[in-house]
Structure formats: structure tokens, C-alpha cells
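Chemist: So the first sequence is numbered by the numbering used here: it starts at 571 and just counts up by one.
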Amino acid sequence: MEGQFGWGREEGGWRKGPWTAQEDKLLVEYVRQHGEGRWNSVAKLTGLKRSGKSCRLRWVNYLRPDLKRGKITPQEESVILELHALWGNRWSTIARSLPGRTDNEIKNYWRTHFKKGKPSKNIERARARFLKQRREMQSQLLLQQQQQGQDQQQRQRQAGDDHDDGAVTREASSSPAVSLAAKHEEDLQMLQQDMDDLLFQFCCPMASSSCLLPGATATSASASEEGSSGDHPQLDGGATWGWGTLWNLDDVVDDVDGGACGGWDTSLFPLLQDQGLAFY
DNA sequence: AAAAAATTCAACCGCTTATTT
DNA sequence: AAAATAAGCGGTTGAATTTTT
Numbered sequence: 571m572e573g574q575f576g577w578g579r580e581e582g583g584w585r586k587g588p589w590t591a592q593e594d595k596l597l598v599e600y601v602r603q604h605g606e607g608r609w610n611s612v613a614k615l616t617g618l619k620r621s622g623k624s625c626r627l628r629w630v631n632y633l634r635p636d637l638k639r640g641k642i643t644p645q646e647e648s649v650i651l652e653l654h655a656l657w658g659n660r661w662s663t664i665a666r667s668l669p670g671r672t673d674n675e676i677k678n679y680w681r682t683h684f685k686k687g688k689p690s691k692n693i694e695r696a697r698a699r700f701l702k703q704r705r706e707m708q709s710q711l712l713l714q715q716q717q718q719g720q721d722q723q724q725r726q727r728q729a730g731d732d733h734d735d736g737a738v739t740r741e742a743s744s745s746p747a748v749s750l751a752a753k754h755e756e757d758l759q760m761l762q763q764d765m766d767d768l769l770f771q772f773c774c775p776m777a778s779s780s781c782l783l784p785g786a787t788a789t790s791a792s793a794s795e796e797g798s799s800g801d802h803p804q805l806d807g808g809a810t811w812g813w814g815t816l817w818n819l820d821d822v823v824d825d826v827d828g829g830a831c832g833g834w835d836t837s838l839f840p841l842l843q844d845q846g847l848a849f850y
């Protein structure tokens, strides 16, 4: 099928380009026998003419059995958006929260769907999903509150049968149920603010001054749009998207050891927690 | 119907970080 | 302790595919 093109020929002893089914088979068999790792010995032991680097990449991004094939779901997309807002282009870190997805896949997804300069239908769809998700959370919360209110009234009535006073004020100030609800609402409000900021960025690309991150400075914001040299960074009118401010967090979030995310209140992202996804 | 443009994504590269010798 | 090797990461590329004109 291939080989007739320049792509896929040998170079410096190593084959390059797309993998054939036979090559895949060899690699899979190697991993079955020897486990993951020691990629440089794949060539020695199997005769496969691929560099260790290439073998590792093929395994990690394509052959691994725990990979989830198929399209990114709306839920996954939400997670990607939230985590990218948190961590910027730390694709592997983001990937850790999406079982079965590779950093490469997420990176590709982000670039094709949300990269600046491509304000497309995709963004509109994402926006619509954001709004929908928000509405759902809102109504859910409302329902919860109503239910809690009813419970409370009931309890008050019961308490009122014995002692008519005191119970109400105590309830309001120290009941765990109430403070929990308040906390939840606080979280929701903060999330909504985040979403709004995000949407604002989506809708008003030129308004780059606002920043989600406490303590983030605008110093590097205008300087370079995430490092990519000026190939297609500009919108038709010459306006650039303001992502730089939002996404380049390396200076802000200094992960001290192994990608730990110091100082972030994870309750800001209830979506992730609801889905049982891990924070680092 | 076909040519052009846009999109997708697997695989590459160079660089950094971790591990081994 | 340091040099060598391996693994990991993020940016970029370009062939194949899909969509638009």
C-alpha cells in the first residue's frame, strides 16, 4: 500500500513513516513478551527496522490496548477545556485525567477545534454545550435547594412542636446540610464565572485583558502567542486572540514536584469531580 | 463532476528530564 | 560524579480524507 512514496522509506537504517500491519504485529508481539520499555531492543530482538523512539510512540499512541478509540465525547471535550484553562498546553498532564486518551490526541483535538484563529462552528458548538451544561447544573442546584428547603421546613415544624424558639437560628448558622449547600452554590458561581470568562474570550477575541488566573501577569501575553512563529496567528482583520494570557501558565503555576498543581482550589471544577476524574 | 480548500491525525523532530552505567 | 542512554514532552509536518466551491 505504501512504500511507493518517498514517505515511508528508510533513512539512516531506520524505517520511517506510516506503520504497516506487519510492523505493528512485530511490536505488539515484542511488548507481549517483554513488556513496555527498553524500546531500543525492539529492533535488535525482532528485526523491526524502527528506532526505539518510533516504537515507543507507536505503542503509546496507537497500539496500547487500553486506548479508547473513537471520537472525543462532549464530556471529554468539557474536561479538555477545563483542564486546558487550568494548565495550558500541558497535554500529557491533561491526558492523565482522560483515561484511554493520549496527549497527542488531545493536542490534536485542541488544535483543530479551539486553536486561535479558527473561530469556527466547533467553537459555537462548544459554547452551546457550555451553556447547556450550565443550565443543567443550575436547575439541578435549584432542585436540590428546594428539596433542602422542604426538609428544613419539615424539621422546623417537628421541632416547633416541642420548643418554639432557638431551633431556627441554630439551623441557619451551623447545620452541615446548609453550609454544604452554600459551599456548593459558591462553587457553582465560581465555575460560572470561569465559564463566562471563557465564553467572553470565545466571543470577543480582541478583549484579551481579562485573565482567569489570580496572580497571572500580562507581561508575556502580547509578546508571543504561545511560541508558534508567525505562520497563521492572525485573524483576518489583524486581530489576535487573547489566549496567550489565558493559557500560558508555566510562569504562574510552578509545579514543584511531578506535575503537582499547587495552590489551586479544585472545587472550582466540580465537573471534573462529579465525573470522578483525578486532580494532580 | 472535479478542482480547490480545509481538516484531520499519525508520525516526526528537537529538546528536556529521568534513569542507568 | 558524570557520561551515556532511554523515556517523555510539546510543537510541527504533511499525506490522506473530507468538505466546499
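For glycine and all other residues, C-beta sits at the position ideal for the given N, C-alpha and C.
1) Between Val612, Leu653, Pro644 and Arg666, which has its C-alpha nearest Trp629's C-alpha?
2) Report yes or no: do three or more beta-carbon pairs, one from the segment 616-636 and one from the segment 656-664, lie closer than 8 Å?
3) Start and end of the alpha helix (DSSP H) containing Glu647?
4) For Val601, which residues in the same chain have their Cβ closer than 7 Å to its Cβ, ignoring the five residues on either side in sequence?
5) Among the candidates Gly607, Asp594, Gln714 and Lys619, whose CA atom is the shortest distance from the CA of Gly582?
6) Going along the chain, which residues of its own chain have a beta-carbon closer than 8 Å to the beta-carbon of Thr616, five neighbours each way excluded?
7) At the level of alpha carbons, what is the spacing between Lys586 and Asp594?
8) How many Å lie between Glu646 and Thr590 at the Cα?
9) Could you check the C-alpha separation between Trp584 and Gly622 for me, to the nearest Å?
10) Output the distance between the C-alpha atoms of Asp636 and Gln718, rounded to the nearest integer angstrom.
11) Please confirm whether Asn631 and Thr672 have their CB atoms less than 8 Å apart.
12) Considering Cα atoms alone, identify which of Leu656, Arg634 and Leu668 is closest to Thr643.
13) Identify which residue in Gly640, Arg608 and Trp657 has its Cα closest to the Cα of Glu675.
14) Could you tell me the alpha carbon to alpha carbon distance between His654 and Gln715, rounded to whole angstroms?
15) Give the straight-line distance between the Cα atoms of Gly540 and Leu633, rounded to the nearest whole angstrom.
16) What's the gap between the Cα of Tyr679 and the Cα of Gln710?
17) May I ask you to report which of helix, strand or coil DSSP gives Arg620?
18) Whole angstroms is fine: what's the gap from Arg666's alpha carbon to Leu712's?
19) Look at the alpha carbon of Glu755 and the alpha carbon of Phe684, and state the distance between them as a whole number of angstroms.
20) Measuring only the C-alpha atoms, how far is Lys677 from Gln603?
21) Pull up the distance between the alpha-carbon of Lys614 and that of Arg608, whole angstroms please.
22) Going by other Cβ atoms of all chains shown within 10 Å of its Cβ, with 16 needed for buried, is Glu606 buried or exposed?
Modeler: On the basis of the supplied data:
1) Val612
2) no
3) In the DSSP annotation of this structure, the continuous segment of the alpha helix (DSSP H) that includes Glu647 starts and ends at Pro644 to Trp657.
4) If the five residues before and after Val601 are omitted, its C-beta is found closer than 7 Å to the C-beta atoms of Trp629, all from its own chain and listed in chain order.
5) Lys619
6) Leu596, Leu597, Glu599 and Tyr600
7) 13 Å
8) Approximately 30 Å between the Cα atoms of the pair.
9) 10 Å
10) Each residue's CA atom was taken as its position, placing Asp636 and Gln718 some 42 Å apart.
11) yes
12) Leu668
13) Gly640
14) 31 Å
15) Residue 540 is absent from the model: the chain starts at 571 and stops at 850.
16) Rounded to the nearest angstrom, the two C-alpha atoms are 30 Å apart.
17) coil
18) 33 Å
19) Since pLDDT at Glu755 reaches only 47, below the 50 mark, its modelled position is unreliable, and the value read off the structure follows with that caveat. Taking the Cα positions, Glu755 is about 29 Å away from Phe684.
20) 31 Å
21) One C-alpha to the other measures close to 11 Å.
22) By the beta-carbon neighbour count (other beta carbons within 10 angstroms, threshold 16), Glu606 is exposed.
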